[in-house]
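Enquirer: Here you go, one structure.
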Amino acid sequence: MTTRLRILDDGAWLSVDDSRRVSVSELWRLDAPGFCECDLADMVVENFLETGVDGRTVQVRVYGQCIVCGTKSTTGWIPVGRIVDGEFVDIDREGVLRVTDDKEEAKSSG
Amino acid sequence: MPTDVENWKSEVYGNEIREHLFRFAEEGFETIPDDERDAWFERFKWWGLYHQRNGQEGYFMMRIGTPNGVLEPGQLRVVGEIADEYARGPGTNPIFGDAYADYTTRQAIQLHWIELSDVPDIFEKMEKHGLTTQQACGDSWRNIVGNPVAGKDGQEVIDAWPVIRDLNETFKGDEDHSNLPRKWKVSVTGSADGSGQGDINDLAFEPAYKEIEGEDVVGFNVRVGGGLARNEPRFARDIDVWVSPDRVSDVAGGLSALFRDNGDREDRYNARIKFLVDEWGAEEVRETLQDEYVDFELHTAGRDVREEYTYNTGEGERNDLVGVHEQRDGKYFVGLNVLVGRMGADDVLELADLAEEYGSGEVRLSQRQNVIVTDVPESELDDFLEEDLLEHYSPEPSPFMRGSIACTGTEFCSLSIVETKNRQVRFARWLKENVDLPEDVEEFHIHLSGCTASCAQPQIADVSLRGMKTRKDGEAVEALDVGLGGGLGDEPQFARWVTQRVPVDEVPGALANLIDSFAEAREAGESFRAFVARHDDEELDEFVDPEETDYEDPMMHNTKMTWYPYAEDDSMDAKPPAPADD
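Protein sequences, first through last, are from chains A and B.
Heads up, the first sequence is in full-length UniProt numbering, so the first residue is 1 and it goes up one at a time.
Heads up, the second sequence is in full-length UniProt numbering, so the first residue is 1 and it goes up one at a time.
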């Protein structure tokens, strides 16, 4: 089964199978040494840039700002959900999210 | 590789979307196939329908494009009646109530909570009265803006209204220009005040004189590639072209076609023509236009009147069109302040009555979200100004009411990070009660935008506020970045972002302290914009001194995570079902 992943409306949200799943304005704690100098970045999501998958994990790259140090930048790949039995299930984004820099391209159908 | 959006557009786009829209309206929202929703919602934009944000599934924002902000006699009443009958949803706004219309920064009108099943009836009613939502959103020619009092303004160099009407009639529904790489915003201004705000549009025609065969002829200089969105603000670039009024359509169509053929269709973030102008430079844009898109010799630029611009410049006369102004024909236009551009449906209908009673029935909209009643004879002026409605929509408002602009915000918009309109109302009311500007400062523009899309044009205000987040006492709260000193004019300037992430409840205090510093440290007669210009960012950051006051903000939490921020139970779990097709 193919899962349709898209970034829409000027990067405002992530669409999974034509449903809005993750939106800008969320605040994420990131383990992302490459993003800023903070031990953990505390980042406002301002724009989604790309989406992709790693196995069953749905990941995104976003533009955001660390509200501790003020760094504004683009992130590596951040896990936001998993595909379980064909359905999107949120990853708890209140916890620390680990960022990786390499990722296979998004698999989407349109 | 083309984007999904480009693929959808290549399958169905433009005028033909209407028949599908009507089919879904008749058969019901639920009949839009699950795996086609993203595609159809993208396409519906072309007909002015924008799916509201997460939690409000099945409800739409409807944008009505009113070229140059002109509402002909009778049209405002139609807008009021549609708002009253159809723009009611499950959420009640604590300030504005159940049904209202929003006047936008591009002289259009937005209604909310529109149900798909009502669209055919709404279209029928609008079209019967010459109104349309066609191309109000989507990747095509958007509502054309300009000086709203074109044809009536005493400061006019040339009447731009016939030019705008012609462009609107030519390019609305024109299949050759209906599928562009991205939106296409055009401004045509004929007045010497700069009120068309051409500098922030994709394509701008500005009044200019050119000597043709020994005679000074009035026409337009052309600028291309302005825009504010996505942290990439640009002022439109001068491409060294003057055009006579009868050739405007040829040059505008040529540039639209140049954009259609050369804009980036593989990356929507890079698609606006401002990026093409960055890449090519103004000279190459001109050469390509001349060589491939027009069949006559272009003139070089003429003598402009930019030195006379006052609109939204932060100093001088007529920074907006609020107040009583004499028209060319001896009658008057009266600019009324509509705080954050939102007007209750009852008030819209009452204003339509007053416009008929005292004027010609015509009403016009400005880019500062205000409304202008035109054609009021001098003999009727005093009685009009005594009307109760004008106590609320005043032609002589407090500078803080007058200068406030706000975008839609998290109430309805997917992009926004914070609540905006109601917040800006609360800010303006608090500032009016608690802060005094120096006596000679009559205007002070504060623009609040919920995100970097910049629909409230934050970069061209005295004070720019932009949605952000921060933590306060460990809790995530809505916050605003503060920018200062932006404005248009002969030498336009974007605001400098000097203070970041001020918790929203400390913003009024920050502005009070900033204005106190300005009052104390300004030179005699100095404008706020000039004051900002002679200080560095660090000094300005010191002036913006965030502080808690007696201002209380009831929307500190993440309003985006609610289904509707003002609902008693605002959690996503309490969101209403998509409306049934009754």
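C-beta atoms are modelled at their ideal positions from N, C-alpha and C, and glycine is treated no differently.
Note the first and the last residue of the continuous alpha helix (DSSP H) segment covering B/K421.
Expert: Walking along the second sequence from the start, residue 421 of chain B turns up at place 421. Note, B/K421: alpha helix (DSSP H), K421 to N434.
Enquirer: So, helix, strand or coil for B/G562, using DSSP?
Expert: If you number the second sequence from 1, residue 562 of chain B lands on position 562. It should be noted that the sequence gives Thr, not Gly, for residue 562 of chain B. In the structure shown, B/T562 sits in a strand (DSSP, three-state: E or B).
Enquirer: What's the C-alpha gap between B/G525 and B/E378?
Expert: Here residue 525 of chain B is taken as the residue at index 525 of the second sequence, counted from 1. Here residue 378 of chain B is taken as the residue at index 378 of the second sequence, counted from 1. Near 33 Å, if we compare the C-alpha coordinates of B/E378 and B/G525.
Enquirer: Does DSSP classify B/I293 as helix, strand or coil?
Expert: Taking the second sequence and counting its residues from 1, one reaches residue 293 of chain B at position 293. Note on identity: in this sequence residue 293 of chain B is Tyr, with Ile being the wrong assignment. Three-state DSSP puts B/Y293 in a helix.
Enquirer: Taking only three categories from DSSP, how would you classify A/V16?
Expert: For the purposes of this step, residue 16 of chain A is identified with residue 16 of the first sequence, where counting begins at 1. Strand.
Enquirer: Just tell me which of B/E279, B/V277 and B/H445 has its CA closest to the CA of B/Q369.
Expert: On the second sequence, position 369 is the one that residue 369 of chain B refers to. Cα-wise, what sits closest to B/Q369 is B/H445.
Enquirer: Kindly provide the ranges of any beta strand (DSSP E) runs that are 3 or more residues long and lie completely inside the region 365-422 of chain B, ordered along the chain.
Expert: 371-376 and 404-406
Enquirer: Taking only beta-carbon atoms, is B/N147 less than 7 Å away from chain A?
Expert: Against the second sequence, residue 147 of chain B aligns to sequence position 147. No, because no Cβ of chain A sits closer than 7 Å to the Cβ of B/N147.
Enquirer: Please name the residue, chosen from B/E42, B/E27, B/T31 and B/E26, that lies closest to B/S10 on a Cα-to-Cα basis.
Expert: Working through the second sequence from its first residue, we reach residue 10 of chain B at position 10. Cα-wise, what sits closest to B/S10 is B/E42.
Enquirer: Under 7 Å between the Cβ atoms of B/L389 and B/G69?
Expert: As a position in the second sequence, residue 389 of chain B is number 389, starting the count at 1. As a position in the second sequence, residue 69 of chain B is number 69, starting the count at 1. Contact flag unset, no.
Enquirer: Could you pull out every residue in the same chain whose Cβ sits closer than 6 Å to the Cβ of B/E156, ignoring the five residues on either side in sequence?
Expert: Within the second sequence, the letter at position 156 stands for residue 156 of chain B. For B/E156, where only same-chain residues beyond five positions count, the Cβ hits under 6 Å are G190 and S191.
Enquirer: Let me know if A/E104 comes out buried or exposed under the rule of 16 or more other beta-carbons within 10 Å of its beta-carbon.
Expert: For the purposes of this step, residue 104 of chain A is identified with residue 104 of the first sequence, where counting begins at 1. Note that A/E104 has pLDDT 40, beneath the 50 cutoff, so the model's placement of it is unreliable and the number below is only indicative. Label assigned to A/E104: exposed.
Enquirer: Identify whether B/I515 lies in helix, strand or coil by the three-state DSSP scheme.
Expert: The residue labelled residue 515 of chain B in the question sits at position 515 within the second sequence. B/I515: helix per DSSP, three-state reduction.
Enquirer: Quick one: does B/R484 have its CB under 7 Å from some CB of chain A?
Expert: In the second sequence, counting from the first residue as 1, residue 484 of chain B sits at position 484. Looking at the sequence provided, one finds Leu at residue 484 of chain B rather than Arg. Cβ-Cβ to chain A under 7 Å: no for B/L484.
Enquirer: Using a 10 Å radius around the Cβ and a threshold of 16 neighbouring Cβ atoms, would you call residue 591 of chain B buried or exposed?
Expert: With chain B represented from 1 up to 582, any question about residue 591 of chain B goes unanswered, as that position is not in the structure.
Enquirer: Output, in chain order, the set of chain B residues within a Cβ distance shorter than 8 Å of A/V44.
Expert: Mapped onto the first sequence, residue 44 of chain A falls at position 44. Neighbours of A/V44 on chain B, chain order: I417, M468 and K469.
Enquirer: Could you tell me whether the region 172-186 of chain B touches the region 194-207 of chain B, where touching means 3 or more Cβ pairs closer than 8 Å?
Expert: Result yes; three or more Cβ-Cβ pairs closer than 8 Å.
Enquirer: If the cut is a Cβ gap below 9 Å, which residues of chain A does B/N179 touch?
Expert: Looking up residue 179 of chain B in the second sequence gives position 179. The premise fails here: B/N179 is roughly 17 Å from chain A at the closest Cβ pair, so nothing lies under 9 Å.
Enquirer: Starting from the beta carbon of B/F38, find every residue of chain A whose beta carbon is closer than 7 Å, and list them in chain order.
Expert: Counted from its first residue, the second sequence places residue 38 of chain B at position 38. In the sequence as presented, Phe is not what sits at residue 38 of chain B; that position holds Asp. Result: R6, L8, S15 and D18.
Enquirer: Should B/D193 be flagged as near chain A, meaning a C-beta pair shorter than 7 Å?
Expert: Mapped onto the second sequence, residue 193 of chain B falls at position 193. Judged by the 7 Å Cβ criterion, B/D193 is not in contact with chain A.
Enquirer: Check the DSSP bridge columns for B/F494 and list the partner residues they point to.
Expert: The residue given as residue 494 of chain B occupies position 494 in the second sequence. Per DSSP, none; premise fails for B/F494.
Enquirer: Kindly indicate which three-state DSSP category B/R318 falls into: helix, strand or coil?
Expert: As a position in the second sequence, residue 318 of chain B is number 318, starting the count at 1. Three-state result, B/R318: coil.
Enquirer: Might you give, ordered along the chain, the residues of its own chain that have their beta carbon closer than 7 Å to the beta carbon of A/S109, omitting 5 neighbours on each side?
Expert: Numbered from its first residue, the first sequence carries residue 109 of chain A at position 109. Caution is warranted here: a pLDDT of 34 is assigned to A/S109, below 50, making its placement in the model unreliable, and the coordinate value is therefore given only provisionally. Same-chain partners within the cutoff: T2 and R4.
Enquirer: If the cut is a Cβ gap below 7 Å, which residues of chain A does B/R501 touch?
Expert: The sequence position of residue 501 of chain B within the second sequence is 501, counting from 1. Per Cβ cutoff of 7 Å: I67.
Enquirer: List the residues of chain A whose Cβ lies closer than 7 Å to the Cβ of B/D34, in chain order.
Expert: Position 34 of the second sequence, counted from the first residue, corresponds to residue 34 of chain B. Here the neighbours are D18.
Enquirer: Applying a beta-carbon distance threshold of less than 9 Å, which residues of chain B neighbour A/V24?
Expert: Locating residue 24 of chain A in the first sequence gives position 24, where the first residue counts as 1. In chain order: S414, L415, S416, I417, C451 and K560.
Enquirer: Considering only residues of the region 61-90 of chain A, which uninterrupted beta strand (DSSP E) runs meet the minimum length of 3 residues and lie entirely inside it, listed in chain order?
Expert: 72-74, 78-84 and 87-90
Enquirer: Once the 5 residues before and after A/T57 are set aside, which same chain residues still bring their CB inside 7 Å of it?
Expert: Working through the first sequence from its first residue, we reach residue 57 of chain A at position 57. Taken in chain order, the residues that qualify are P79 and R82.
Enquirer: For a contact defined as C-beta to C-beta under 9 Å, what are the partners of A/G70 on chain B?
Expert: On the first sequence, residue 70 of chain A is found 70 positions in, with the first residue counted as 1. Those within 9 Å of A/G70 in chain B are Q500 and R501.
Enquirer: For B/L349, tell me which candidate among B/I64, B/G80, B/M126 and B/E57 has the shortest Cα-Cα distance.
Expert: Within the second sequence, residue 349 of chain B is the residue found at index 349, counting from 1. Closest option to B/L349, judged by alpha-carbon separation, among B/I64, B/G80, B/M126 and B/E57: B/G80.
Enquirer: B/G483 to B/C455, Cα distance in whole Å?
Expert: The residue given as residue 483 of chain B occupies position 483 in the second sequence. The residue given as residue 455 of chain B occupies position 455 in the second sequence. Cα-Cα distance, rounded: 15 Å.
Enquirer: Which bits of chain B does A/L27 rub up against, with CB to CB less than 7 Å?
Expert: Here residue 27 of chain A corresponds to residue number 27 of the first sequence, with the count starting at 1. Result: K469 and A476.
Enquirer: Comparing the CB of B/V338 with every heavy atom of the ligand ZN, is any distance shorter than 6 Å?
Expert: Absence of the ligand ZN is noted for the structure shown, with no ligands found whatsoever.
Enquirer: On a Cα-Cα basis, can you pick out the residue from B/E16, B/L76 and B/G253 that is closest to B/E356?
Expert: The residue labelled residue 356 of chain B in the question sits at position 356 within the second sequence. Closest by alpha carbon: B/L76.
Enquirer: Under 8 Å between beta-carbons, which chain A residues line up against B/N54? List them in chain order, please.
Expert: If you number the second sequence from 1, residue 54 of chain B lands on position 54. Simply W13, R20 and S23.
Enquirer: Would you be able to state if there are at least three C-beta pairs under 8 Å between the region 12-31 of chain A and the region 86-98 of chain A?
Expert: yes
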